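Same order as they appear, the protein sequences are chains U, C and H. So for the first sequence, the numbering used here puts the first residue at 440; every next one is plus one. So for the second sequence, the numbering used here puts the first residue at 440; every next one is plus one. So for the third sequence, the numbering used here puts the first residue at 440; every next one is plus one. The beta carbon of each residue, even a glycine, is placed where N, CA and C say it ideally should be. Here the structure is a predicted model, which means the values were calculated and not measured.
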Amino acid sequence: MTRNPFRYFGAALAATTVLVVGSGVAMAEEAVPFDTQVRFIFNTLNFLLMGFLVMWMAAGFAMLEAGLVRSKNVSMQLTKNVALYSIAGIMFWLIGYNLMYTGVGDGYFGTPMPVSIPDPAAEAKGLSAEGATMYAAASDWFFQMVFCATTASIVSGTLAERIKLWPFLLFTVVLTGVIYPIVGSWEWGGGWLDKEYGFSDFAGSTLVHSTGGWAALAGALVLGPRLGKYGKDGSVHPIPGSNMALATLGTFILWLGWFGFNGGSQLAMDSAENVSAIARIFVNTNAAAAAGAVTALILTQLVYRKVDITMVLNGALAGLVSITAEPLAPSLPWAVFVGAIGGVIVMVVVPLLDKLKIDDVVGAIPVHLIAGIWGTMIVPASNSGASFLGQFVGVVAVGVFVFTVSLVIWFILKATIGIRVSEEEEIMGLDAAEIGVEAYPEFGKGSQAI
Amino acid sequence: MTRNPFRYFGAALAATTVLVVGSGVAMAEEAVPFDTQVRFIFNTLNFLLMGFLVMWMAAGFAMLEAGLVRSKNVSMQLTKNVALYSIAGIMFWLIGYNLMYTGVGDGYFGTPMPVSIPDPAAEAKGLSAEGATMYAAASDWFFQMVFCATTASIVSGTLAERIKLWPFLLFTVVLTGVIYPIVGSWEWGGGWLDKEYGFSDFAGSTLVHSTGGWAALAGALVLGPRLGKYGKDGSVHPIPGSNMALATLGTFILWLGWFGFNGGSQLAMDSAENVSAIARIFVNTNAAAAAGAVTALILTQLVYRKVDITMVLNGALAGLVSITAEPLAPSLPWAVFVGAIGGVIVMVVVPLLDKLKIDDVVGAIPVHLIAGIWGTMIVPASNSGASFLGQFVGVVAVGVFVFTVSLVIWFILKATIGIRVSEEEEIMGLDAAEIGVEAYPEFGKGSQAI
Amino acid sequence: MTRNPFRYFGAALAATTVLVVGSGVAMAEEAVPFDTQVRFIFNTLNFLLMGFLVMWMAAGFAMLEAGLVRSKNVSMQLTKNVALYSIAGIMFWLIGYNLMYTGVGDGYFGTPMPVSIPDPAAEAKGLSAEGATMYAAASDWFFQMVFCATTASIVSGTLAERIKLWPFLLFTVVLTGVIYPIVGSWEWGGGWLDKEYGFSDFAGSTLVHSTGGWAALAGALVLGPRLGKYGKDGSVHPIPGSNMALATLGTFILWLGWFGFNGGSQLAMDSAENVSAIARIFVNTNAAAAAGAVTALILTQLVYRKVDITMVLNGALAGLVSITAEPLAPSLPWAVFVGAIGGVIVMVVVPLLDKLKIDDVVGAIPVHLIAGIWGTMIVPASNSGASFLGQFVGVVAVGVFVFTVSLVIWFILKATIGIRVSEEEEIMGLDAAEIGVEAYPEFGKGSQAI
């Protein structure tokens, strides 16, 4: 086909006649009013545009984690991130999406079956039917899939530097195909949590971030800390990440992607009100991130007398997670407050985990789990449609389910194929042990490379 | 709430009846015609879409600067960039936006008070009122805020490798909360420069880039050059940046973001003419950048017998800054010319600054200040609505104001808390001195790390 | 001008009256119906939005290639990528676009003359004419230009680490100004391949990716392998890339950009059917990439007992190239299959090239050439409008033309200015030899730096 194919004859346009230009051939279509098509286009565009921003977050997690592990484990971390995004894309097609969204009723899960993408011509024609969905089904699938992938990204960082590749990927298969979709069905699929408790989680502080956080916490407990992280005398040995530039790049990518994450969760852009809501969400999302970063900046200066860049980055991310449960209702000052508490959480929980000897390599548990709980619980303060009881039930239900199921799966994996590399392999680095490609073969290894 | 909530009943649509679908509940709205809403959506989408591209430029500056400083100062440079973007977001909310845009009249500044973001339902309903703004207020705020942040990013690079963190951040507070908004109010706020001189600066060659450049120049003069940069015998010692891959990545990010910077500055996308203008701006912006890069490529080969990649990157950026004052009016060949001169400016001004012993670590002064002046002064050649006198008055007024005020603030900061680290700290590196986290703890330090 | 200039008087709106708001001045326009303008806006937005995603792929190639070469050649590789994108932008303006699209008829090429970008007001007014184009000409040019640049990016990687800068750039001038436009004219310009053979290549598996691949193959043959790559005893010495984090970042950028590459190639977004098609393309594109990555992941584990991250990255890219010839027609399972075979191709062809002693530094020949052929040949399996004969003719015609012409040009360049650096320079590294700026001056060089 030629590539500048279509020319439009203006005179042919009438109010109820629509020229559908596709594949280079103009054909008359009588049924669907142009206004209806315009709304369909806006809503679909919302999912595609915001969806590609969320897809980009996969790169953000990859860079953040690659920057926060030692260079001997960087190729492994990168491989895990490319693989988990790919696996999420396949599992959410094979069973995840329909398990989450189809036939849930007011129940506990939907129907695990593959998604099929409609034919565009048929979908467009169907718009004239009553009750037609006002967005392309494929765009909705794409948008929901990248959320599923985000959940898996969160787990990856916590377990870095000692987990084997394949058990991690098997867990990812279960997480993206089953665990996340089931939890999601309770609320976004219209299940019991939505129907009976009016749980409110706009873009997923609990459903996405805490779910990832609980799965990561279960894994960290079963896996144990890295060699040398905690001394027998109770001492904590910091293990610096190898590349702050990558960690910062990853944070900026996540910040950018979060506009899609929260903004796209308005789910519609076909009216002035909807697009105004998206704009408000952008502003609140940015404000919470900025507040989280500045809070961590000031607190590290006050507490440690030096600014810790990893805390600042995690402060921004905790601000983002905190506002995710309700980025629309808050006023701007309230968004700043919600995000600032996210920054405080990072400052408090990072050392707390170390006291508990829970080794969370990138800080995903404070950022995604604890800030996710905070964000969810504070929703009723700005959104009168939510209740503290409903929020509490949601947080606990998701926590108990995800943590328990994850724990069981991690134990099964540990008992069967094993989840942790040998001591020798851990010292040598996972890249040499499992990947066979060093990330930085030419850059000298400094003394920090324990 | 469920997450695939809305279904649309086509039959219910009539010309003056609009189904507003928000928060999962469809409700009938009678007042606002669909056409009006469509234009509101397009204009708002323009601000959000182009705005997130400009937001992404914050990452571009961070990577560019991290690549052009020595590894011992990389964490500091990254911290400054995350912090300044966060601070801009807060200051432009607290006082900046209204200082720039509200109640300026034909005067010298507006009203420094916090912005409040309207409720989406109310904003949508207000569209039926006469004189309603045809975009979401939040989207406009977001778009203007990322411009404010860009201004601060420019300063960061010039002063790298010897400035203390907190005085830099305090300066950023003043720059983003007061200096930039005041200068902006003169023109984009409709103040005296706009009303009396017809100054024309489409997307901010002067208002953003030269403002950042003047503030950086004042800082560089007060701060002095890095240790070892200029010998007592007049010799100049190049101090190579630590990571050309990051510098190149940063440049590509900025190039991408600039489509939003210039394209979004059309400020509307609700008509064929407006979107055609945006498309033309994309093409001219790209042409100027390409011309700046190729010019620097050829000139470095001719002058130095080798191609200097940092010059090529800065050539592209100077091309972008040059076209920013007027990316719409020029024909494509004229855009190429304007950008090519940007490349020449980099070649001429970089060594000139070294002769003057002004130590500009990343080349921000040639790229943003001098190319910004060039771009602004050449506007009348393509845009008959602008005059050389008006442009000259604008360039000088902004220069005198920003340079003087910045100089005063830098001196105050120097006299009080001090702005420069000690000699020992500068040799040790700012990361060890102020951040406490090395950027690349495992990568061997070569002989260049003075 | 002020920067929040336009206010809209709702009462003034009538069905056939359009307020065109541009440059801050509202003026009444009578001719063009609003519906027509809306479609013009959507189609133009499609080109701009998808176009900037494809532009971003230039950064993806730069990062991928910078990560896969040794550190002594990184600045060179980065310089080449910035330069080739700039050159493509200039050549596609000067002659390429019109050579490809204007006056091709059913022939072999169009008219090599510069493009001129229309005035927005005139273009908008022209919409009321019969046969008006329903998108901004500038947006179309921008979208097509970034495809041209992609073709040149492909060549860059294969020839890395031993080619001189300037002959590479001269080849790029010919490739982007002449070779790619001629091949493109045959099909997308409506020439003989389109008219006589019904060749079908939706987004360019052959026209873009194989074209780049053939040019790269010709160059690799003329240039010869890197020193030390192939032993005289037939042994193959792997030369590891210097930075897997950059290679992974590059892959994620390309994956993201590919949504624009394939989705934008629908060429229109002005109807429900068109946007639904774009959504379906997004899903298929993602599925093919995921399948390619997972296939390579599993195969490297089975064959090499370790996962090779470079193979996983190239598997994802080969999946993307494979689906590019037909991302719309396939069902989701078929897209997975097409992409998975892409992953297999990488596994088979990479060692095969080594047996043939063809040194393809980044794997561009398997990824872009061979997977491009596979994707093109399999189109008729899902798209009944294409024939195996037509596809075969297209693949062979493009291959013969591009390979032959490229070979001739590479030989001419070799015979005149020379295309390969000296042995000393190759050992020293191209950065020292030709660029004069090391990419990582402070990072120790390990033993791999042959």
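Next item on the list: Determine the chain H residues that contact K564(C) at a beta-carbon separation under 9 Å, and present them in chain order.
Entry: Correct list: empty, because the minimum Cβ distance to chain H is about 12 Å.
Check: Got a sec: is the Cβ-Cβ distance from E865(H) to anything in chain A below 8 Å?
Finding: The structure shown contains no chain A; its protein chains are U, C and H.
Checklist line | Limits of the alpha helix (DSSP H) - the one that A757(H) falls within | finding: 748-763
Checklist line | Presumed contact (8 Å Cβ cut-off) between V860(C) and T597(C), rounded CB distance | finding: At roughly 16 Å, the Cβ-Cβ gap does not stay under 8 Å, so V860(C) and T597(C) are not in contact.
Item checked: Paired residues, beta bridge with I602(C) - DSSP -> Among the bridge pairs identified by DSSP, I602(C) is matched with R859(C).
Margin query: Output needed in chain order: residues of the region 524-544 of chain U with a Cβ under 9 Å from some Cβ in chain H.
Written below: Y524, S525, I526, A527, G528, I529, W532
Next item on the list: Measuring only between beta-carbons, confirm whether F831(C) sits less than 8 Å from chain U.
Entry: no
Next item on the list: Pull up the distance between the alpha-carbon of V554(U) and that of A726(H), whole angstroms please.
Entry: 12 Å
Notebook entry, point to check: CB-CB under 8 Å to E873(H), same chain, minus the five flanking residues each way: which ones, in chain order?
Noted result: If you ignore the 5 residues before and after E873(H), its C-beta comes within less than 8 Å of the C-beta of M515, K603, L604, V860, E864, all in its own chain and listed in chain order.
Checklist line | Sufficient close CB pairs (3 or more, under 8 Å) joining the region 615-624 of chain U to the region 562-569 of chain U | finding: no
Next item on the list: Might you give, ordered along the chain, the residues of its own chain that have their beta carbon closer than 8 Å to the beta carbon of M502(U), omitting 5 neighbours on each side?
Entry: Contacts found: L685, A686, L688, G689, I692.
Next item on the list: Taking a Cβ distance cut-off of 7 Å, strictly less, list which residues of the region 674-688 of chain H are near chain U, in chain order.
Entry: If the cut-off is 7 Å between Cβ atoms, the region 674-688 of chain H has P679, S681, N682, M683, A684, T687, L688 near chain U.
Next item on the list: Say whether chain U places a C-beta atom closer than 8 Å to the C-beta of T690(C).
Entry: no
Notebook entry, point to check: Listed in chain order, which residues of the region 564-581 of chain U have Cβ atoms closer than 7 Å to some Cβ of chain H?
Noted result: L566, A575, A577, S578, W580, F581
Next item on the list: Just the chain C side, please: which residues come within less than 8 Å of L695(U) by C-beta, in chain order?
Entry: F491, M494, W495, A498
Check: Under the DSSP definition of a beta bridge, which residues are partnered with Y524(H)?
Finding: Partner(s): none; Y524(H) has no beta bridge.
Check: For a contact meaning CB atoms closer than 8 Å, what does D747(C) contact in chain H?
Finding: I874, G875, V876
Margin query: So if I threshold CB-CB distances at 7 Å, which residues from the region 499-519 of chain H count as touching chain C?
Written below: A501, M502, A505, V513, S514, L517, T518
Notebook entry, point to check: Can a CB atom of chain H be found closer than 8 Å to the CB of A871(C)?
Noted result: no
Next item on the list: Taking only the alpha-carbon atoms, compute the straight-line gap between G546(H) and L538(H) and give it to the nearest angstrom.
Entry: 11 Å
Notebook entry, point to check: Cβ of T483(H) less than 8 Å from any chain C Cβ?
Noted result: Chain C has a Cβ within less than 8 Å of the Cβ of T483(H).
Margin query: Across the region 749-762 of chain C and the region 775-791 of chain C, are there enough close Cβ pairs to call them in contact, namely three or more that are closer than 8 Å?
Written below: yes
Notebook entry, point to check: Can the beta-carbon of G658(H) be found less than 8 Å from the beta-carbon of W849(H)?
Noted result: yes
Notebook entry, point to check: At a Cβ threshold of 8 Å, is R719(C) touching chain H?
Noted result: yes
Notebook entry, point to check: Can you name, in chain order, every residue of its own chain whose Cβ lies under 7 Å from the Cβ of M494(U), other than the five neighbours on each side?
Noted result: V585
Check: What in chain C is Cβ-close to N701(U), meaning under 8 Å?
Finding: Result: empty, since nearest Cβ-Cβ is about 12 Å, beyond 8 Å.
Notebook entry, point to check: Taking Cβ-Cβ distances shorter than 7 Å, what residues in chain H pair up with W627(C)?
Noted result: T441, R442
Next item on the list: Give the residues of chain C in contact with F698(U), contact being defined as C-beta atoms less than 8 Å apart.
Entry: L487, F491, M494
Notebook entry, point to check: Going straight from the alpha carbon of E877(C) to that of V835(C), what length do you get?
Noted result: 42 Å
Checklist line | Where A571(C) falls: helix, strand or coil (DSSP) | finding: strand
Item checked: Member of L767(U), L791(U), A854(U) whose CA lies at the smallest distance from the CA of A577(C) -> The shortest C-alpha separation from A577(C) is found at L767(U).
Notebook entry, point to check: Would the beta-carbon of T615(U) fall within 8 Å of that of G811(U)?
Noted result: Going by C-beta atoms, T615(U) is not nearer than 8 Å to G811(U).
Next item on the list: Report yes or no: is there a C-beta of chain U within less than 8 Å of the C-beta of V477(H)?
Entry: yes
Next item on the list: Report the partner residues of V675(U) according to the DSSP bridge assignment.
Entry: Y669(U)
Notebook entry, point to check: Would G542(H) be called buried (16 or more neighbouring beta carbons within 10 Å of its own) or exposed?
Noted result: It counts as exposed.
Checklist line | Boundaries (first-last residue) of the alpha helix (DSSP H) holding A563(C) | finding: 559-564
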